[in-house]
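Chains as they are written, first to last, in the working numbering: chain E, 1 to 350; chain L, 351 to 641. Presented below is the structure to which this report refers.
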């Protein structure tokens, strides 16, 4: 249960009215264990032009949170509570037709593997044109105007030689080019918020750097806000203003990305940071020893939904909480900390 | 892009070359594209790896890393060059001699979901290489399977279960156990931690490092993750368009990369900080897909 403090004024460092406010979002999935809550009272805000990263291990609820925002949950899953407020509109209280109008026009999503997200039977240009036709039909009535609008979109995502790429099929494009086309499609409707689910995981580091640079440019020039879902902490520390760490369906720590990673509050965050090998040993935020010393590990695995432990959900894997009575028996609430930070842990001094 | 002069100096004396477990010289692998067009996926590539050593192979997708691994294992034919393993000529080996070599060289693949047979129990999967190479049978076979599971941190009762009952990290442990079954001297890891969460990745990296130290297992570690390579490997080979553009000790390469492409790779990772500030990231240039 969130403490009273958590229900007070939102702590985020954004404008008076954030672009997106998610309040106590819960998602239930009907599965072999019966109905289980896979996203549990998740709350965060994203301001205009801001980037929030959602990080955690597989199975913690990152992608389901994103799909819930887009109303794209698979049929076995449903939103069981909470509010999603975009631009002042409470999406969950509106009919599907209205949410459909928001999807693509106010917020859009890109996925990890652009090769499977694109239609292999349509050219890149045709897929961008389709998105334009759906979201702003008035913009391009003639064939020539359509083509020019598509070219402008492809230029906006910094595709080299858009005139050549426009008539190519996805298999004729590289991974980086495909992801740029995906971004062009996502932005065709003029979205203010882009949800990016592991957008660079399938890409080479050099291409990844280019895509991250493009997203940064779109934030600065167009005020695009980003919800960036990833398990790559190095990427987070670069792209995100703020980070929310999610474990077993709950946000366990949230705050500005530089301080969260340099001085983690929650033991899970510390564990995640410590177990990533550093390209320049000694440069790591924890100052860990150089290579050859074994990497610090987080013991065990994420508890399956339906088999989650009582008390703090992280306690069986936590060096501080494993043998602590309070950690084993009572679930900690959210506590606030200086610098716009919050954590859900008994061991963090308020 | 312009390629500066290739640096291929792992700092090996002729005597050291004699000691090396794996020596690849001028390897070429070609694929036919239909018609008379061919792609040279691995082009005049040379490398050495000592017994108990660890060599990281890095480069972008499509640069020939996996093709190199497959050619070393004789899973695909080479068009030219030589591969020496423990004094044997790999490319010239046939029949029983080749089977004996394969016992000594094993591979772990990237995707632990597709590399295990979903219809065989873990025990049957681990017993298979032991049976093929006639290393154990009956009770001894079952005991060996139990030992293998223990070595990778799984309990012996895993033998009776199926792959779908395990998480990604556990499956990768099983794939490593299968590779270890024949007691190889060389383990090739093809992006074997790329699909795993960072927490599980750390566990697998530590396991591989333990195996290398305890059993003198040589690692050929293919990865696009430079930080993981730096943590795990002594030597590093940078590939670009099928060629080795730099072969150096990890310390030397990370301190002072000689080839422009090695620098571009390092900058792409280190320069992520600059990317955020809007500076143009270093470009790797255009990679032609054809040789």
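C-beta atoms are modelled at their ideal positions from N, C-alpha and C, and glycine is treated no differently. Predicted model only: the values in this text are computed from it and were never measured.
{"Query": "Excluding the 5 residues flanking residue 330(E) on each side, which residues of the same chain have their C-beta closer than 7 Å to its C-beta?", "Result": "311"}
{"Query": "Per DSSP, which one or two residues make a beta bridge with residue 28(E)?", "Result": "37(E), 78(E)"}
{"Query": "Closer than 7 Å, Cβ to Cβ, to anything on chain E: give me those residues from the segment 607-620 of chain L, in chain order.", "Result": "614, 615, 618, 619, 620"}
{"Query": "Please work out which residues of its chain come closer than 7 Å, Cβ to Cβ, to residue 477(L), disregarding the five sequence neighbours upstream and downstream, and give them in chain order.", "Result": "491, 495"}
{"Query": "Within the 8 Å Cβ cut-off, does residue 170(E) reach chain L?", "Result": "no"}
{"Query": "Looking at C-beta atoms only, is the number of pairs between the segment 404-414 of chain L and the segment 427-443 of chain L that lie closer than 8 Å three or more?", "Result": "no"}
{"Query": "According to the Cβ coordinates, are residue 304(E) and residue 202(E) closer than 8 Å?", "Result": "no"}
{"Query": "With 8 Å as the threshold, decide whether the Cβ of residue 279(E) is near any Cβ in chain L.", "Result": "yes"}
{"Query": "Of all Cβ atoms in chain E, is any one closer than 8 Å to the Cβ of residue 580(L)?", "Result": "yes"}
{"Query": "So, using beta-carbon positions, are residue 548(L) and residue 276(E) closer together than 8 Å?", "Result": "yes"}
{"Query": "Does the pairing of the segment 203-217 of chain E with the segment 169-187 of chain E give three or more beta-carbon distances under 8 Å?", "Result": "yes"}
{"Query": "I need the straight-line Cα distance from residue 48(E) to residue 581(L), nearest angstrom please.", "Result": "39 Å"}
{"Query": "Answer with yes or no whether the minimum CB distance from residue 472(L) to chain E is below 8 Å.", "Result": "no"}
{"Query": "Mind reading off the beta-carbon distance from residue 294(E) to residue 467(L)? Whole number of angstroms is fine, and I expect it under 8 Å.", "Result": "Not really, about 32 Å apart at Cβ, beyond 8 Å."}
{"Query": "Look up residue 526(L) in the DSSP assignment and say whether it is helix, strand or coil.", "Result": "helix"}
{"Query": "For residue 245(E), count neighbouring C-beta atoms within 10 Å of its own C-beta (all shown protein chains included) and say buried if the count is 16 or more, exposed if not.", "Result": "buried"}
{"Query": "Any beta carbon from chain E within less than 8 Å of residue 573(L)'s own beta carbon?", "Result": "no"}
{"Query": "Using DSSP with H/G/I as helix, E/B as strand and the rest coil, what is residue 513(L)?", "Result": "helix"}
{"Query": "With a threshold of 8 Å between beta carbons, is residue 145(E) in contact with chain L?", "Result": "no"}
{"Query": "Which runs of the alpha helix (DSSP H), 4 residues or longer, sit entirely within the segment 165-224 of chain E?", "Result": "175-187, 205-222"}
{"Query": "For the beta strand (DSSP E) containing residue 566(L), name the first residue and the last one.", "Result": "Here residue 566(L) belongs to no beta strand (DSSP E), and DSSP marks it neither H nor E."}
{"Query": "Can a CB atom of chain E be found closer than 8 Å to the CB of residue 548(L)?", "Result": "yes"}
{"Query": "Locate the alpha helix (DSSP H) running through residue 642(L), then write down its first and last residues.", "Result": "Within the shown structure, residues of chain L are numbered from 351 to 641, placing residue 642(L) beyond reach of any answer."}
{"Query": "What does residue 53(E) touch in chain L if you count any residue whose Cβ is under 8 Å from its own?", "Result": "In chain order: nothing, as chain L lies at least about 12 Å away."}
{"Query": "Return the bridge partner residues of residue 398(L) from the DSSP annotation.", "Result": "373(L)"}
{"Query": "What separation, rounded to the nearest whole angstrom, lies between the Cα atoms of residue 166(E) and residue 474(L)?", "Result": "51 Å"}
{"Query": "I want to verify the contact list: residues of chain L whose CB lies under 8 Å from the CB of residue 298(E), in sequence order.", "Result": "549, 552"}
{"Query": "Could you tell me if residue 20(E) is buried or exposed, where buried requires 16 or more neighbouring beta carbons within 10 angstroms of its beta carbon?", "Result": "buried"}
{"Query": "Any residues in the segment 384-396 of chain L with a beta carbon nearer than 7 Å to a beta carbon of chain E? Which ones, in chain order?", "Result": "none"}
{"Query": "Using 8 Å as the limit for Cβ to Cβ distance, is residue 577(L) near chain E?", "Result": "yes"}
{"Query": "Taking only three categories from DSSP, how would you classify residue 543(L)?", "Result": "coil"}
{"Query": "For residue 434(L), which beta-bridge partners are listed by DSSP?", "Result": "373(L), 439(L)"}
{"Query": "Tell me, please, whether the CB atom of residue 643(L) is closer than 8 Å to any CB atom in chain E?", "Result": "For residue 643(L) there is no data in the structure shown, the boundaries of chain L being 351 and 641."}
{"Query": "Look up residue 444(L) in the DSSP assignment and say whether it is helix, strand or coil.", "Result": "coil"}
{"Query": "I'd like to know if residue 467(L) contacts chain E, where contact means its C-beta is closer than 8 Å to some C-beta of that chain.", "Result": "no"}
{"Query": "What distance in whole Å lies between the Cβ atoms of residue 392(L) and residue 372(L), which are believed to be in contact at a cut-off of 8 Å?", "Result": "15 Å between Cβ atoms; not a contact."}
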